[in-house]
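First residue of the sequence shown: 1, per UniProt numbering; consecutive thereafter. We treat Cβ as the ideally placed atom computed from N, Cα and C, and that holds for glycine. Written out below as structure tokens is the structure these notes cover.
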Amino acid sequence: MDEHQLFKTTLAATMNELELAFCLKDEQKTARESFLFKKDVFAVLTTGYGKSLIYQLAPLVAKRMGLSENPLVFVVSPLIALMEDQLKEAKKLGLSALQLGEPEQEQIRSGQCQIAFGSPESWLLKKKWRDMLANKVYRDNLIGIVVDEVHLIYKWGKTDKGDKAFRECFSKLGELRSIVKQGTPVLALTATADLHSKAIVKKQLHLENATQVIVSPNRTNIRLGLTRVSAYTLD
Ligand SMILES: Nc1ncnc2c1ncn2[C@@H]1O[C@H](COP(=O)(O)OP(=O)(O)OP(=O)(O)O)[C@@H](O)[C@H]1O
Ligand SMILES: [Mg+2]
């Protein structure tokens with residue numbers, strides 16, 4: 001069996017075991033497959049599409065495929081409230097997920113957690129987490145970096161007028177690639193990115209060769225029209 005066939009059967013077996021009440025969409029499959037085979041992915045998929053499932057299933061599928069002893073991903077997330085929601089969702093799927101700064105820090109450091117969530121500032125500015133990403137456990141087991149709400153690189157990490165950016169670390173996330181093992185893929189997720197912000201995100205995260213998975217929010221069955229009417233018609 002070739003590795004892509006193995007991926008398909010393993011994914012199906014993992015989905016069966018989780019007993020989810022839905023099937024994966026093609027974009028979720030494409031993104032997860034690329035990510036697992038160490039290719040960067042830039043996914044622009046509408047709100048509520050199921051972007052989180054792309055990385056939530058990654059450690060489970062990687063484990064079944066024997067890609068590493070204890071596969072894990074880390075997620076860069078902008079807000080504590082969002083991380084808390086995603087922790088709950090991951091735990092519902094039976095994943096061990098933790099947030100940087102929680103009491104179980106040693107568990108994160110020793111790689112005993114499949115998904116670790118943290119802000120750009122924690123991942124980039126706190127020495128203990130930077131060091132952790134470069135340690136042997138993470139070099140051997142990290143299967144990828146996830147950057148959620150990636151459009152914030154443009155919205156919060158940059159400023160047009162030369163003022164200080166709201167959260168400058170967003171524009172430095174590309175540095176993470178130099179800390180982790182070379183070749184570790186990045187999965188960039190967002191629901192909203194116009195052409196300009198997409199170009200900035202790609203440049204900052206070095207996603208020039210990424211697999212792009214895009215579902216446009218444009219609704220072809222909705223149209224805006226403008227008609228001149230007289231005051232008389234309005235009565
Ligand atoms: N293939 C699928 N079919 C139906 N529901 C799905 C599918 N994949 C995921 N879901 C469900 O969709 C819901 C929303 O998923 P998720 O939070 O990942 O969306 P999102 O794309 O990250 O949205 P947002 O842009 O708001 O962050 C979750 O409850 C998840 O279980
Ligand atoms: Mg999301």
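Between the C-alpha atoms of E89 and P59, what's the straight-line distance to the nearest angstrom? 15 Å
Pairwise C-alpha distance: T233 and L79: 50 Å
Bridge-paired residues (DSSP) for L187: V41, V146
Under 9 Å between the Cβ atoms of L93 and L142? no
Whole angstroms is fine: what's the gap from I200's alpha carbon to A193's? 10 Å
Between the CA atoms of F35 and I54 - distance to the nearest angstrom: 9 Å
Let me know the secondary structure DSSP gives G101 once reduced to three states. coil
Kindly indicate which residue of G118, L124, R139 has the alpha-carbon position closest to the one of G111. R139
Ignoring anything shorter than 3 residues or poking outside the segment 124-184, list the beta strand (DSSP E) runs there in chain order. 142-147
With respect to the beta strand (DSSP E) encompassing I115, which residues constitute its N-terminal and C-terminal limits? 115-118
Check for me: the beta strand (DSSP E) holding L57 runs from which residue to which? L57 -> no beta strand (DSSP E), and no H or E assigned at all.
Grab the span of the alpha helix (DSSP H) containing L224 for me, first residue to last. Looking at the DSSP string, L224 is not in any alpha helix (DSSP H), and its letter there is neither H nor E.
To the nearest angstrom, how far is the alpha carbon of A12 from that of L57? 11 Å
Among the candidates F7, K202, V41, whose CA atom is the shortest distance from the CA of G144? V41
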